[in-house]
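Each protein sequence line maps, in turn, to chains A and B.
When you line the first sequence up against my numbering, it's residues 78 to 409, in that order.
When you line the second sequence up against my numbering, it's residues 78 to 409, in that order.
Number of protein chains: 2
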Amino acid sequence: MKDIAERAGVSLSTVSHVYSGKRTISEPVKRQVQKIAAEMGYRPNLVAKSLATKKTNVIGLYLSSQSVQDAPFFSILLKGLTLVANNEHYRFLLNVRESEHNEETYYDEIHKGDVVDGVIITDPRIGDMQIEQIQKRDIPFVVIGRPSKQFSIPYVDTDNEDVGYCATNHLINLGHRKIAFINGPKDYTVSKDRLLGYRRALLEAGVPYIDDLVIFSDDFFQNCGAESASRLMKLGLKFTAVFVAADNLAVGAMKYFQLQGMKVPEEVGIVAVNNSLISETINPSLTVIDILTEEIGAAAAQLIIDKIEGKEIVYPKIIGHNLIVRQSCGAS
Amino acid sequence: MKDIAERAGVSLSTVSHVYSGKRTISEPVKRQVQKIAAEMGYRPNLVAKSLATKKTNVIGLYLSSQSVQDAPFFSILLKGLTLVANNEHYRFLLNVRESEHNEETYYDEIHKGDVVDGVIITDPRIGDMQIEQIQKRDIPFVVIGRPSKQFSIPYVDTDNEDVGYCATNHLINLGHRKIAFINGPKDYTVSKDRLLGYRRALLEAGVPYIDDLVIFSDDFFQNCGAESASRLMKLGLKFTAVFVAADNLAVGAMKYFQLQGMKVPEEVGIVAVNNSLISETINPSLTVIDILTEEIGAAAAQLIIDKIEGKEIVYPKIIGHNLIVRQSCGAS
DNA sequence: ACAAATCATCAAAGCGCTTTGATAATATGG
DNA sequence: CCATATTATCAAAGCGCTTTGATGATTTGT
Numbered sequence: 078m079k080d081i082a083e084r085a086g087v088s089l090s091t092v093s094h095v096y097s098g099k100r101t102i103s104e105p106v107k108r109q110v111q112k113i114a115a116e117m118g119y120r121p122n123l124v125a126k127s128l129a130t131k132k133t134n135v136i137g138l139y140l141s142s143q144s145v146q147d148a149p150f151f152s153i154l155l156k157g158l159t160l161v162a163n164n165e166h167y168r169f170l171l172n173v174r175e176s177e178h179n180e181e182t183y184y185d186e187i188h189k190g191d192v193v194d195g196v197i198i199t200d201p202r203i204g205d206m207q208i209e210q211i212q213k214r215d216i217p218f219v220v221i222g223r224p225s226k227q228f229s230i231p232y233v234d235t236d237n238e239d240v241g242y243c244a245t246n247h248l249i250n251l252g253h254r255k256i257a258f259i260n261g262p263k264d265y266t267v268s269k270d271r272l273l274g275y276r277r278a279l280l281e282a283g284v285p286y287i288d289d290l291v292i293f294s295d296d297f298f299q300n301c302g303a304e305s306a307s308r309l310m311k312l313g314l315k316f317t318a319v320f321v322a323a324d325n326l327a328v329g330a331m332k333y334f335q336l337q338g339m340k341v342p343e344e345v346g347i348v349a350v351n352n353s354l355i356s357e358t359i360n361p362s363l364t365v366i367d368i369l370t371e372e373i374g375a376a377a378a379q380l381i382i383d384k385i386e387g388k389e390i391v392y393p394k395i396i397g398h399n400l401i402v403r404q405s406c407g408a409s
Numbered sequence: 078m079k080d081i082a083e084r085a086g087v088s089l090s091t092v093s094h095v096y097s098g099k100r101t102i103s104e105p106v107k108r109q110v111q112k113i114a115a116e117m118g119y120r121p122n123l124v125a126k127s128l129a130t131k132k133t134n135v136i137g138l139y140l141s142s143q144s145v146q147d148a149p150f151f152s153i154l155l156k157g158l159t160l161v162a163n164n165e166h167y168r169f170l171l172n173v174r175e176s177e178h179n180e181e182t183y184y185d186e187i188h189k190g191d192v193v194d195g196v197i198i199t200d201p202r203i204g205d206m207q208i209e210q211i212q213k214r215d216i217p218f219v220v221i222g223r224p225s226k227q228f229s230i231p232y233v234d235t236d237n238e239d240v241g242y243c244a245t246n247h248l249i250n251l252g253h254r255k256i257a258f259i260n261g262p263k264d265y266t267v268s269k270d271r272l273l274g275y276r277r278a279l280l281e282a283g284v285p286y287i288d289d290l291v292i293f294s295d296d297f298f299q300n301c302g303a304e305s306a307s308r309l310m311k312l313g314l315k316f317t318a319v320f321v322a323a324d325n326l327a328v329g330a331m332k333y334f335q336l337q338g339m340k341v342p343e344e345v346g347i348v349a350v351n352n353s354l355i356s357e358t359i360n361p362s363l364t365v366i367d368i369l370t371e372e373i374g375a376a377a378a379q380l381i382i383d384k385i386e387g388k389e390i391v392y393p394k395i396i397g398h399n400l401i402v403r404q405s406c407g408a409s
C-alpha cells in the first residue's frame with residue numbers, strides 16, 4: 078500500500094480512502110491508484126485491516142464431534158449457515174471438539190478467540206457450564222439447540238416438545254396405545270423436551286405413562302439404536318409402536334426388531350425424527366418428523382450476524398417441523 | 078498488555094517475553110506478570126499477533142457445495158482434517174462455493190485470503206484453471222483429489238485407476254463378462270481415472286470394451302443414479318453387472334433396477350465406491366470399495382501444515398482402499 | 001579480582017492497515 | 001466579491017502485538 082502510494086505520488090491514506098470510499102477522492106487519482114494496484118498485484122492484508130478495525134468478519138463455529146459425525150444433519154446445517162454467511166460476507170472458523178480431547182482446551186479457544194466477531198455453539202447439554210462462561214465474556218454468540226438455562230440466551234431450535242408430541246400423537250391416532258420411546262442421551266436438552274411432548278400426548282389420550290418404556294440411548298448412531306431396541310425388548314413389556322428420537326437410531330432399532338422376527342410396521346410401528354436420505358431409502362421407509370435443519374442453520378447465521386452488527390434481535394428463534402408419513406408407521 | 082506492564086511495573090516487551098519465552102525472564106517477574114494478567118482477564122489479541130508474526134495458524138478450506146452435500150464423505154474427511162489440525166494447533170476457515178454463486182467471487186477470496194497460512198482445495202475438475210492461478214500466488218496449498226495437470230502440484234488422493242480396476246476385476250472374478258459402468262460426472266478427474274481402471278480390468282480379462290455401457294452421471298446423488306440406470310436399460314444392451322462410481326448413485330440405480338423387476342444381485346450384480354453407512358444398511362447391502370476418507374483428510378492436513386512450516390514434503394500422497402464384499406455383487 | 005560471558009530488562013521500530021484533524025484548493029451563495 | 005461550505009489530500013497517531021539492539025546487573029572462569 079505504501080508502495081502504491083509512492084508510485085502514484087499520493088499519500089498512503091489517499092490509497093486507503095480509494096478502497097474504503099470514506100473520503101471523496103477525485104476520479105483521476107482513483108483510477109491511477111487502482112491501475113497501479115492492479116499492476117503490482119496488490120492484495121490488501123486482511124489481518125492488518127482487522128487489527129485496525131477490530132472486525133474480522135469471521136464467526137467461530139463450535140461443534141462437537143458428535144454433530145459432525147451426524148453427517149446428514151451437519152452437512153445440511155452447514156448449507157444453511159454458509160448460505161446466509163456468504164451473502165453477508167462472513168466466514169466460519171471451524172472448531173471441532175473431539176470427545177477424547179480435553180474439553181478445557183476447546184473452551185479455552187473460545188475464550189481466547191479474539192479472531193472471531195462472534196460465536197455459534199451447538200449441542201448444549203443439561204448443566205453445561207460453558208455457556209454461562211461465554212456469557213461472561215463479552216462476545217456475541219448464539220447457540221443451536223436449547224441451552225438448559227435458556228434465560229436470555231439467544232438460541233435457535235425446533236420446538237422439541239412439540240416434535241415429541243406430534244410423533245407420539247401420530248401413533249396414537251393410528252390406534253396405538255402401548256408406545257415405547259427410544260430417546261437420545263439423557264443429558265441433552267433435546268431429549269428432555271421430546272420426552273415432555275411424548276408424555277403430553279399420552280396424557281391427552283388418556284394413556285398411562287410407563288417409565289420403563291422410555292429408553293435413553295448413549296449416542297445417535299445405528300448400533301446404539303439396536304442396543305436400545307434390545308434393552309427395550311428384554312424388559313418383556315408389550316408395545317406396538319416406538320417413537321425414536323433419530324433416524325439413525327431408528328434404522329438400528331428397526332433392524333434389530335426385524336432380526337428378532339418382528340414385522341415393521343405390522344407388529345411394531347415406528348416414527349422417527351430427522352428426514353435424512355436413509356430414512357426414505359430404507360425398506361420399509363421411515364415415517365419421520367422432518368426438522369428443517371437448513372433453516373435452523375440459516376436462522377442461526379442470521380442471528381449471530383445481526384447481533385454482531387448491533388441490530389436488535391429477537392430470540393429464541395423457533396423453527397418449524399413437519400410430519401412425513403411413510404411406511405414404518407403403518408397405514409395412516 | 079500495556080496495562081499489565083504498567084501495573085506490574087515492567088516494560089511492555091517484558092510482558093511479551095513472558096509469553097513467548099524468547100527471552101529469559103526472572104521467575105518472580107514472570108509470576109507477577111502472570112498473576113496480574115489473570116486478574117485482569119487478559120486475553121492476547123491473536124489478530125495483532127498475526128500481524129506482527131505474519132502467521133495466522135489458519136488454513137483455508139475450499140469446498141464445493143457438491144462435496145459438502147455428500148454428507149458422509151465430507152463429515153469423515155473433516156474428521157481426518159481436524160484430527161491432525163487440532164494437534165498442530167491449526168484451524169480451518171471454511172469457504173463453500175455455491176454452485177449458483179459466481180465462481181469468481183469464490184476464487185477471489187482465495188486470492189485475497191491473506192488471513193490464511195495455506196489452502197486446501199477439493200474436487201479438482203479437468204481443465205480447472207484455478208489451480209494454476211493459485212500456483213502463481215505464492216501461498217502453500219494442497220488439493221484433495223488429482224488435479225488434471227498434476228505436475229508438481231501437491232495433492233492427496235486414492236489411486237482411482239486402481240479403484241476402477243479392483244471393482245471391475247471383482248466382478249470379472251465372479252464370472253461376469255458384460256459389465257456396465259455408471260460413472261461420475263465426465264469432467265472430474267476421478268471419473269477419468271476410474272474409467273481407465275475399468276478398461277484395464279476388461280482388457281486383462283479379454284473382455285471387449287463397449288463404449289455404450291459407460292454412463293456418465295451428472296452428480297453423485299440417488300436420483301441421478303436412478304436416471305443413469307434408466308438410460309443404461311433403455312440402450313437395450315445386455316449386462317449382468319454394474320460398477321457404480323458412488324454409493325449414493327448405486328442406491329439410486331439399484332432401486333431403479335428393482336423397480337423394473339430385476340433382482341439384485343441375482344440378475345444384476347453391483348459393486349460401488351464409498352463405504353458409507355447407507356451401503357451397509359440398505360438391503361441388499363452394497364459391495365463397495367472403501368476409500369479411506371479419514372486418512373485422506375489427515376494426510377491433506379499434514380501435508381499443508383508441513384508445507385506451511387517449511388518442511389520438505391513428498392507428493393502426491395496416495396491413500397489406499399479396500400474391497401468390502403457384501404451382498405449386492407452375489408456370492409464371492 | 002577483572003575481563004568475558006550471561007542474564008534480565010527496556011526502548012523503539014515495525015507489521016499494514018484505518019481514522020481523523022488539519023490544510024489547501026475549489027465551489028457555492030447572497 | 002467575500003464569507004462559507006465543500007472537496008481533495010496529507011500527515012500522524014493508533015490497533016496490540018513481536019523483535020531486536022542496547023544497557024546495566026550478575027555470574028563465570030582463571
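For every residue, glycine included, the Cβ atom is placed at its ideal position computed from N, Cα and C.
If you drop the 5 nearest sequence neighbours on each side, which residues of the same chain put their C-beta closer than 7 angstroms to that of residue 406 of chain A? Within the first sequence, the letter at position 329 stands for residue 406 of chain A. Contacts found: 247, 248, 251, 342, 346, 347, 348, 364.
Measure the C-alpha to C-alpha separation of residue 141 of chain A and residue 254 of chain B and round it to an integer number of angstroms. To locate residue 141 of chain A, count along the first sequence from 1; it is residue 64. To locate residue 254 of chain B, count along the second sequence from 1; it is residue 177. Rounded to the nearest angstrom, the two C-alpha atoms are 48 angstroms apart.
Please confirm whether residue 79 of chain A has its beta-carbon closer than 8 angstroms to some beta-carbon of chain B. By 1-based counting over the first sequence, the position of residue 79 of chain A is 2. At a cut-off of 8 angstroms, the C-beta of residue 79 of chain A has no neighbouring C-beta in chain B.
Between the region 354-361 of chain B and the region 320-328 of chain B, can you find at least three pairs of beta-carbon atoms closer than 8 angstroms? yes
State yes or no: is the beta carbon of residue 175 of chain A nearer than 8 angstroms to at least one beta carbon in chain B? Looking up residue 175 of chain A in the first sequence gives position 98. Yes - at least one Cβ of chain B is within 8 angstroms of the one on residue 175 of chain A.
Do residue 294 of chain B and residue 260 of chain B count as a contact pair if the criterion is CB distance below 8 angstroms? Counting from 1 along the second sequence, the entry for residue 260 of chain B is found at position 183. Counting from 1 along the second sequence, the entry for residue 294 of chain B is found at position 217. The answer is yes: Cβ separation under 8 angstroms.
Considering only the beta carbon of each residue, do residue 244 of chain A and residue 309 of chain A sit closer than 8 angstroms? Here residue 244 of chain A refers to the residue found at position 167 when the first sequence is read from its first residue. Here residue 309 of chain A refers to the residue found at position 232 when the first sequence is read from its first residue. Taking 8 angstroms as the Cβ cut-off, residue 244 of chain A and residue 309 of chain A do not qualify as a contacting pair.
Can a CB atom of chain A be found closer than 8 angstroms to the CB of residue 146 of chain B? Position 69 of the second sequence, counted from the first residue, corresponds to residue 146 of chain B. Judged by the 8 angstroms Cβ criterion, residue 146 of chain B is in contact with chain A.
Spatial neighbours of residue 157 of chain A within its chain, please: C-beta separation below 8 angstroms, excluding the five flanking residues on both sides. Translated into the one-based positions of the first sequence, residue 157 of chain A becomes position 80. Counting only Cβ-Cβ distances below 8 angstroms, and skipping sequence neighbours, we find 370, 371, 372, 373, 374, 375, 376, 377, 378.
Neighbour flag for residue 169 of chain A against chain B, beta carbons, 8 angstroms: Here residue 169 of chain A refers to the residue found at position 92 of the first sequence. Output row for residue 169 of chain A: interface = yes.
Three-way DSSP call (helix, strand, coil) for residue 367 of chain A in this model: Counting from 1 along the first sequence, the entry for residue 367 of chain A is found at position 290. Strand.
Buried versus exposed, by CB contacts within 10 Å (16 or more), residue 127 of chain A: Start at 1 with the first residue of the first sequence, and residue 127 of chain A comes out as number 50. Flag for residue 127 of chain A reads buried.
Closest by C-alpha distance to residue 162 of chain A, when choosing among A/385, A/404, A/399, A/397: In the first sequence, residue 162 of chain A corresponds to position 85, counting from 1. The residue with the shortest Cα to Cα distance from residue 162 of chain A is A/385.
DSSP-derived helix/strand/coil call for residue 257 of chain B: For the purposes of this step, residue 257 of chain B is taken as residue 180 along the second sequence, with counting starting at 1. Note: residue 257 of chain B maps to strand in three-state DSSP.
For the candidate residues A/238, A/282, A/174, A/301, whose alpha-carbon lies nearest to that of residue 262 of chain A? Within the first sequence, residue 262 of chain A is the residue found at index 185, counting from 1. Considering only alpha carbons, the answer is A/301.
Counting along the chain, where does the beta strand (DSSP E) carrying residue 318 of chain B start and finish? Counted from its first residue, the second sequence places residue 318 of chain B at position 241. That run of the beta strand (DSSP E) goes 318-321.
What's the call for residue 331 of chain A, buried or exposed, on a 16-neighbour Cβ count within 10 Å? Sequence index remark: in the first sequence, residue 331 of chain A carries index 254 (1-based). Buried is the call here.
Hey, how far is the Cα of residue 400 of chain B from the Cα of residue 311 of chain B? For this step, residue 400 of chain B is matched to residue 323 along the second sequence. For this step, residue 311 of chain B is matched to residue 234 along the second sequence. Rounded to whole angstroms, residue 400 of chain B to residue 311 of chain B spans 30 angstroms at the Cα level.
Identify each residue in the region 285-313 of chain B for which the Cβ-Cβ distance to at least one residue of chain A is less than 8 angstroms, and report them in chain order. Listed in sequence order: 299.
For a contact meaning CB atoms closer than 9 angstroms, what does residue 360 of chain A contact in chain B? Numbered from its first residue, the first sequence carries residue 360 of chain A at position 283. Here the neighbours are 359, 360.
Could I get the ranges of all uninterrupted alpha helix (DSSP H) runs contained in the region 338-409 of chain A, with 4 residues as the minimum, in chain order? 354-358, 370-385
Pull the bridge partners of residue 235 of chain B from the DSSP assignment, please. Indexing the second sequence from 1 puts residue 235 of chain B at position 158. The partner list for residue 235 of chain B (beta bridge, DSSP) reads B/396.
Write down every uninterrupted run of the beta strand (DSSP E) in the region 248-316 of chain A whose length is 3 residues or greater and which is fully enclosed by it, in chain order. 256-260, 291-293
Drop a sphere of 10 angstroms on the beta-carbon of residue 313 of chain B, count the other beta-carbons inside from all chains shown, and report buried for 16 or more, exposed for fewer. Against the second sequence, residue 313 of chain B aligns to sequence position 236. Residue 313 of chain B should be labelled exposed.
Using the beta-carbon of each residue, which ones in chain B are nearer than 7 angstroms to residue 122 of chain A? Here residue 122 of chain A refers to the residue found at position 45 of the first sequence. 191, listed in chain order.
Whose CA, out of B/368, B/288, B/264, B/241, lies closest to the CA of residue 321 of chain B? Here residue 321 of chain B refers to the residue found at position 244 when the second sequence is read from its first residue. Relative to residue 321 of chain B, the option among B/368, B/288, B/264, B/241 whose CA is nearest is B/241.
What do you get for residue 101 of chain B, buried or exposed, if any count of 16 or more other CB atoms within 10 angstroms of its CB means buried? For the purposes of this step, residue 101 of chain B is identified with residue 24 of the second sequence, where counting begins at 1. It counts as exposed.
Along the chain, where does the alpha helix (DSSP H) containing residue 139 of chain A start, and where does it finish? As a first step, residue 139 of chain A must be located in the first sequence, where it is residue number 62. Per DSSP, residue 139 of chain A belongs to no alpha helix (DSSP H); it is in the beta strand (DSSP E), 135-141.
Only counting the same chain, and skipping five residues up and downstream in sequence, which positions put a Cβ closer than 8 angstroms to that of residue 171 of chain A? Numbered from its first residue, the first sequence carries residue 171 of chain A at position 94. Same-chain partners within the cutoff: 138, 140.
Would you say residue 369 of chain B faces chain A, with C-beta separation under 8 angstroms as the test? Counted from its first residue, the second sequence places residue 369 of chain B at position 292. No, because no Cβ of chain A sits closer than 8 angstroms to the Cβ of residue 369 of chain B.
Apply the 10 Å Cβ neighbour rule to residue 391 of chain A and answer buried if 16 or more other Cβ atoms are within range, or exposed otherwise. Sequence index remark: in the first sequence, residue 391 of chain A carries index 314 (1-based). Answer is exposed; the Cβ neighbour count stays below 16.
Exposure label - residue 398 of chain A; buried when at least 16 CB within 10 Å: Indexing the first sequence from 1 puts residue 398 of chain A at position 321. Answer is buried; the Cβ neighbour count reaches 16.
So, is residue 64 of chain B buried or exposed, given that buried needs 16 or more other C-beta atoms within 10 angstroms? An answer regarding residue 64 of chain B cannot be provided, because it is not within the stretch 78 to 409 covered by chain B.
Endpoints, beta strand (DSSP E) assigned at residue 102 of chain B: Counting from one through the second sequence, the residue named residue 102 of chain B turns up at place 25. Neither: residue 102 of chain B is in no beta strand (DSSP E) and is coded neither H nor E.
Sort out for me which residues DSSP pairs residue 199 of chain B with in a bridge. As a first step, residue 199 of chain B must be located in the second sequence, where it is residue number 122. Paired residues: B/221.
Determine the closest residue to residue 382 of chain A out of A/316, A/317, A/167, with distance taken between C-alpha atoms. If you number the first sequence from 1, residue 382 of chain A lands on position 305. The shortest C-alpha separation from residue 382 of chain A is found at A/167.
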